[in-house]
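J.: These protein sequences, in sequence, are chains V and Y.
Take the first sequence: its letter number 39 is residue 38 in numbering that gives the first Met the number 0, and every next letter is one higher.
Take the second sequence: its letter number 7 is residue 6 in numbering that gives the first Met the number 0, and every next letter is one higher.
2 protein chains.
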Amino acid sequence: MKVTVTVMLKTGVLDPQGKAIAHARGTLGFSGVSDVRAGKVIELELSETDPAKAKAAAEEMARKLLANTVIESFRVSVEG
Amino acid sequence: MKVTVTVMLKTGVLDPQGKAIAHARGTLGFSGVSDVRAGKVIELELSETDPAKAKAAAEEMARKLLANTVIESFRVSVEG
């Protein structure tokens, strides 16, 4: 079962990578972009077949290993 | 209009960050994970209101700026 964990910096936390992308975008001439936020995505292949249990396991992993919950928020989505 | 660009290493390309997560996961005692792939997610806030045009703009940006298409693949999703 494939589970995707998306980790983003919380609103209000400075995002230098996003700022760099926004700046490069301006230099390259892409207009009409008002905000850019950059984050991480981690795709896990779990042996668990129950979607609810797989989501719970991924959430625990995200809290303890994948995200720094002081400055980052995460969301978990289960596929298939 | 919010557009999310997800950039992942192509299948077959060595993913050291994913390998490191898989290793740390083992050390922390999370079992039942057979594969871990790590990637980037970029959330763009576009002024464009037509979903098709917003997607096309984000795809061009992904090709030219956000992804290294030699080793990375990307997917674009439009929200709202």
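For every residue, glycine included, the Cβ atom is placed at its ideal position computed from N, Cα and C.
Show which residues of chain V have a CB atom less than 9 Å away from the CB atom of A19/Y.
T.: Along the second sequence, one-based indexing puts residue 19/Y at 20. Result: empty, since nearest Cβ-Cβ is about 11 Å, beyond 9 Å.
J.: Taking the alpha-carbon of Q16/V as reference, which of R74/Y, L65/Y and S72/Y has the nearest alpha-carbon?
T.: Position 17 of the first sequence holds residue 16/V. When only C-alpha atoms are compared, the closest one is L65/Y.
J.: If you drop the 5 nearest sequence neighbours on each side, which residues of the same chain put their C-beta closer than 7 Å to that of E58/V?
T.: As a position in the first sequence, residue 58/V is number 59, starting the count at 1. Here the set comprises V75.
J.: Look at G38/Y and E71/Y and say whether their C-beta atoms are less than 9 Å apart.
T.: The sequence position of residue 38/Y within the second sequence is 39, counting from 1. The sequence position of residue 71/Y within the second sequence is 72, counting from 1. Closer than 9 Å, so yes.
J.: For the region 12-44 of chain V, enumerate the residues whose C-beta is nearer than 7 Å to any C-beta of chain Y, in chain order.
T.: So the close ones are I20, A23, R24, L27, F29, G31, V32, S33, D34, V35, R36, A37, G38, K39, V40, I41, E42, L43 and E44.
J.: Show which residues of chain Y have a CB atom less than 9 Å away from the CB atom of K63/V.
T.: By one-based count along the first sequence, residue 63/V stands at place 64. What K63/V touches in chain Y: L27 and F29.
J.: If we require 4 or more residues per run, which alpha helix (DSSP H) segments fall completely within the region 1-45 of chain V?
T.: Taking only runs of at least 4 residues, the alpha helix (DSSP H) segments lying wholly in the region 1-45 of chain V are 15-27.
J.: Would you check if the region 0-7 of chain Y and the region 33-53 of chain Y touch, i.e. whether three or more CB-CB distances between them fall below 8 Å?
T.: Enough Cβ pairs lie closer than 8 Å, so yes.
J.: Classify E71/Y as helix, strand or coil using the three-state DSSP reduction.
T.: Position 72 of the second sequence, counting from 1, holds the residue named residue 71/Y. DSSP places E71/Y in strand when its eight states are reduced to three.
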